[in-house]
Structure formats: structure tokens, C-alpha cells
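Numbering (the working numbering), first residue to last: 3 to 211.
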């Protein structure tokens, strides 16, 4: 069974919980449409009333969070895009992708998500990483941008390169900002504790290089 990650977190002084998710792949076959969640009455359900216009196809890899009945909640971020597609797809159309422990080089790069970026580079000392990031809230709202109502957040840290697929750290200047990262194939999944910027700013989300 797939596990759930709460995407919007209350503020906390504690480090965020490890990211619980699975990497899955769409099996060969017809288009697999996303279905709406609880924001639409009677959903999620594998019905025409719940079906959205967006879809994925065989070979697409997604992050799976939670299975419920015949559906699984997933996130898909297309290469070159910063806007994830989220919804529910038929569990029967998914297969788990076996994961191997990532190399240090698998972490390196510029990772882009929705209103946030995380850059991971090699640190000044051998065997270390430097992590930097920027996030906003409201930057995609033209009216908010016009009136100067965009909120911002930043993070930075130097730490040993991880030996597995996860790492956790506190910002080097704002120690109450705590972040957990996990590599899932082509994705970097982040979770913060809600203290990494202005109101509503978060690094929590799904990223791709």
C-alpha cells in the first residue's frame, strides 16, 4: 500500500518527518486519466464524473502517495515543467519501480518545483554538499506581483553528502527552518516544517532537474 504525505504542513520547530512515497511507472496501455479528489463531490472514484482532462501514458514515472480503493494519489512533473499534475489514477495501471541507493552525483543539479527551486552542488570540502534554495508564494498571481504582495523564502546549508536516498538539515542562518529531502528516481521530494520563509511560503513539493 502506498503511503500518504501531507503536502501542506503546520509550522513546527521539529524536523519534518521523512518523506514516505513510492516511485511508480504507468504500464503500457491506453491513456490513464487523472481523477479529482475530495474537492469534488463523490470523488475520488474511477467514474466519468471524477475524470479530469489531464492524463499520463505508458512509461511515465510518478510519485505515489496513497492508495484508496481502486485509485492511487500521484504527482507527475513532466521534464522541463515546473507545474506538477496531481490527482488519482487507477492503481492497476501502476507498477512499482525498484530503487537503488543513489550516487552522490545523482543529487547534484538545479531542481525546479512550483514556485520554488533547490540547487545542490558539491561543497568546498570533499564529500560535502552545498544546498541553496528560493521559494515564493504568489509569484504566479499577476495582481499580487503588481501590488508587491509576493512572499519569499530562502535556505542554505553545507552538510556531508548522504549515503542513502534521504537527507535532513537545518538552514545555516535560520536554524528554525528544517527540511527533509528524498530522491525518488528523476524526482526530488522536499518537506519542510513551515518555517522557511514568509507567510504561506514552503519548499514542500516535488521537483525535477
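Note that the Cβ used here is the ideal one computed from N, Cα and C, for glycine as well. Since this is a predicted model, take the numbers as computed values, not measurements.
Query	Result
Buried/exposed call for residue 71, threshold 16 Cβ in 10 Å	exposed
Delimiting residues of the alpha helix (DSSP H) encompassing residue 109	106-109
Sequence-distant residues of its chain with Cβ nearer than 7 Å to residue 51 (five each side left out)	44
Whole-angstrom distance between residue 155 and residue 78, CA atom to CA atom	24 Å
Test item: CB-CB of residue 142 and residue 89 under 8 Å	no
Residues that residue 124 bridges to, as DSSP identifies them	131
Local conformation of residue 143 per DSSP, three classes	coil
Three or more C-beta pairs below 8 Å linking the segment 181-190 and the segment 204-211	yes
Residue from 49, 22, 99 whose Cα sits closest to the Cα of residue 28	99
Burial state of residue 46 (16 or more Cβ within 10 Å)	buried
Reduced DSSP category for residue 165 - H, G, I as helix; E, B as strand; rest coil	coil
Straight-line Cα distance separating residue 194 from residue 107	23 Å
Backbone CA spacing between residue 84 and residue 130 [nearest angstrom]	27 Å
Cut-off 6 Å between Cβ atoms - residues of its own chain near residue 3, not counting five sequence neighbours on either side	Bear in mind that the predicted position of residue 3 carries a pLDDT of just 36, short of 50, making it too unreliable to give a figure here.
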